[in-house]
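Asks: Before I ask anything, here is the structure I am working with.
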């Protein structure tokens, strides 16, 4: 064994004819310790190089997966968005995570941006334990797009740097500038194209039909027959729901189908709507009453003779008796109608799973 690793035994390796003799030994299946060493070394180095290359590729792929398209990781871009939020005094939703995995949420507003952090005012919080300093807080905020009237929504997690009382005894929270922002979509903006069978009832009344004579918007039983409805089984129907979200819906209808007698429908007009939202495979349906406002009317559509309407939910009628006829109206929340929002999100997940996303 000692002779195998003796230094003078490996000196012939540097002889120009040595490798020729080793190749002959391998070709004629003649065993030699030197030949075995060369073969093992060659394949060992090849395997090592392969492992290194695979490791580099895996790390690069992991980095690409982490830096998804909705992440903002450049500090100057993050600071610019936070500066815009301060300028617009944007509202922010904060979620404090406790050690027992429960969370506490509150609202605040951006008021100041520094080199290493920013300041939030929490007007609704009277006191906050300084033990929160050094802990993480989840924040969701929005900024208005400079080129349109739409809002962009962002989420981040960062560390609380300080807690103190500001002017007028309003609690101020100092938070570190996050390492990244995640562009997110509010669920009320999430729209789906619903199958007809999932909205089996869709009926529309004009305000004059539910507020004149004995009719009242407080009692659905007094509304009478709708002047427009969509029947899924009617293949030659006068319209269809092309999209729906927690905040509104889109209709494609025959021109004039929603005109109320001499009154021609126009933007800012209101419509009372009853719709039933079904669950796939379930017999029960969710009945929703809404007051929707016409936001836009498009006369140029793919189907000649049809118009497309964009409707926004502005009020929701909540049943106040077991018969589901008497209603109590309330203003729709900024994020839309929760029941419709939940239904749309559930259907979105169904579609996602059917496409193999989960």
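Residue numbers (my numbering): 156 to 513.
Virtual Cβ for every residue (Gly too), placed ideally from N, Cα, C.
A quick note: this is a predicted structure, and the numbers were derived from the prediction, not measured.
If I follow the unbroken beta strand (DSSP E) through residue 313, where does it start and stop?
Replies: Per DSSP, residue 313 belongs to the beta strand (DSSP E) from 306-320.
Asks: Whether or not the stretch 398-408 and the stretch 454-464 are in contact is what I'm after, with contact meaning three or more pairs of Cβ atoms, one per stretch, closer than 8 Å; do they touch?
Replies: They touch, by the three-pair rule.
Asks: Going by the beta-carbon positions, is the gap between residue 279 and residue 261 smaller than 8 Å?
Replies: Against a cut-off of 8 Å, the Cβ pair of residue 261 and residue 279 comes out as a contact.
Asks: Could you have a look at residue 384 and say whether DSSP puts it in helix, strand or coil?
Replies: Three-state DSSP puts residue 384 in a strand.
Asks: Tell me residue 232's beta-bridge partners as DSSP assigns them.
Replies: Its beta-bridge partners do not exist; DSSP assigns none.
Asks: Check each candidate in 397, 386, 358 and name the one with the smallest Cα separation from residue 379.
Replies: Out of 397, 386, 358, 358 has the C-alpha closest to the C-alpha of residue 379.
Asks: What are the boundary residues of the beta strand (DSSP E) that includes residue 442?
Replies: Start and end: 440-453.
Asks: Quick test of the definition: if touching needs 3 or more C-beta pairs under 8 Å, does the stretch 317-329 touch the stretch 267-287?
Replies: At 8 Å Cβ cutoff, the stretches touch.
Asks: Tell me, which residues are paired with residue 327 by DSSP?
Replies: Paired residue(s): 276, 319.
Asks: Rounded to the nearest angstrom, what separates residue 226 and residue 346 at their Cα positions?
Replies: Using only the alpha carbons, I get a separation of about 22 Å.
Asks: Is the closest heavy atom of the ligand NAD to the C-beta of residue 499 under 7 Å?
Replies: Among the components modelled here there is no ligand, and therefore nothing to report on the ligand NAD.
Asks: Check each candidate in 493, 251, 277 and name the one with the smallest Cα separation from residue 327.
Replies: Of the candidates 493, 251, 277, the one whose C-alpha sits nearest the C-alpha of residue 327 is 277.
Asks: Looking at C-beta atoms only, is the number of pairs between the stretch 424-433 and the stretch 351-368 that lie closer than 8 Å three or more?
Replies: Yes, since at least three Cβ pairs between the stretch 424-433 and the stretch 351-368 fall closer than 8 Å, the two stretches touch.
Asks: Using CA coordinates, which residue listed in 313, 295, 314, 312 is at the minimum distance from residue 306?
Replies: The residue with the shortest Cα to Cα distance from residue 306 is 295.
Asks: For residue 290, which residues of its own chain have a beta-carbon under 8 Å away from its beta-carbon, when the five flanking residues on both sides are left out?
Replies: Closer than 8 Å at the Cβ level, and outside the excluded window around residue 290, lie 251, 252, 314, 315.
Asks: Answer with buried or exposed for residue 221, where buried requires no fewer than 16 other C-beta atoms within 10 angstroms of its C-beta.
Replies: Low confidence applies to residue 221: its pLDDT is 39, below 50, so where it sits in the model is not reliable enough to give any reading.
Asks: Can you check the stretch 348-374 for any alpha helix (DSSP H) of at least 4 residues that lies completely inside it and give the ranges in chain order?
Replies: For the stretch 348-374, whole alpha helix (DSSP H) runs of length 4 or above, ordered along the chain, are 362-366.
Asks: Determine whether the beta carbon atoms of residue 483 and residue 495 lie at a separation below 8 Å.
Replies: Not closer than 8 Å, so no.
Asks: Rank 242, 269, 486 by C-alpha distance to the C-alpha of residue 297 and give the top, closest one.
Replies: That would be 242, whose Cα lies nearest to the Cα of residue 297.
Asks: Pull up the CB-CB distance for residue 249 and residue 265, whole angstroms please, since I reckon it's below 8 Å.
Replies: Not confirmed; about 11 Å, so no contact.
Asks: Looking at C-alpha atoms only, which residue of 502, 325, 412, 232 is the closest neighbour of residue 394?
Replies: Among 502, 325, 412, 232, the Cα nearest to that of residue 394 belongs to 412.
Asks: So who's on the other strand from residue 226, going by DSSP bridges?
Replies: Its beta-bridge partners are 337.
Asks: Classify residue 293 as helix, strand or coil using the three-state DSSP reduction.
Replies: Correct three-state label for residue 293: strand.
Asks: Strictly by DSSP, which residues pair up with residue 433?
Replies: Its beta-bridge partners are 440.
Asks: Counting along the chain, where does the beta strand (DSSP E) carrying residue 483 start and finish?
Replies: Note, residue 483: beta strand (DSSP E), 482-486.
Asks: Return the bridge partner residues of residue 396 from the DSSP annotation.
Replies: In the DSSP output, where bridge partners are listed per residue, residue 396 has 406.
Asks: Compare the beta carbon distance of residue 441 and residue 498 with 8 Å and say whether it is the shorter of the two.
Replies: Cβ atoms of residue 441 and residue 498: closer than 8 Å.
Asks: Using three-state DSSP, classify residue 421 as helix, strand or coil.
Replies: It is coil, neither helix nor strand.
Asks: Give a yes or no on whether the C-beta atoms belonging to residue 237 and residue 273 are separated by under 8 Å.
Replies: Yes, these two residues count as a Cβ contact at 8 Å.
Asks: Once DSSP output is grouped into helix, strand and coil, what is the label at residue 471?
Replies: Note: residue 471 maps to strand in three-state DSSP.
Asks: Can you give the Cα-Cα distance for residue 348 and residue 322, rounded to whole angstroms?
Replies: Straight-line Cα distance between these residues: approximately 49 Å.
Asks: Under 6 Å Cβ to Cβ from residue 428, same chain only, skipping five residues before and after it: list those, please.
Replies: Correct list, in chain order: 359, 445, 447.
Asks: Return helix, strand or coil for residue 208, following the three-state DSSP convention.
Replies: Looking at residue 208 - three-state DSSP - the assignment turns out to be helix.
Asks: Can you list, in chain order, the residues of its chain with a C-beta nearer than 6 Å to that of residue 287? Leave out the 5 residues immediately preceding and following it.
Replies: Here the set comprises 315.
Asks: Would you decide whether residue 451 is buried or exposed? Buried here means 16 or more other CB atoms lie within 10 Å of its CB.
Replies: Exposed.
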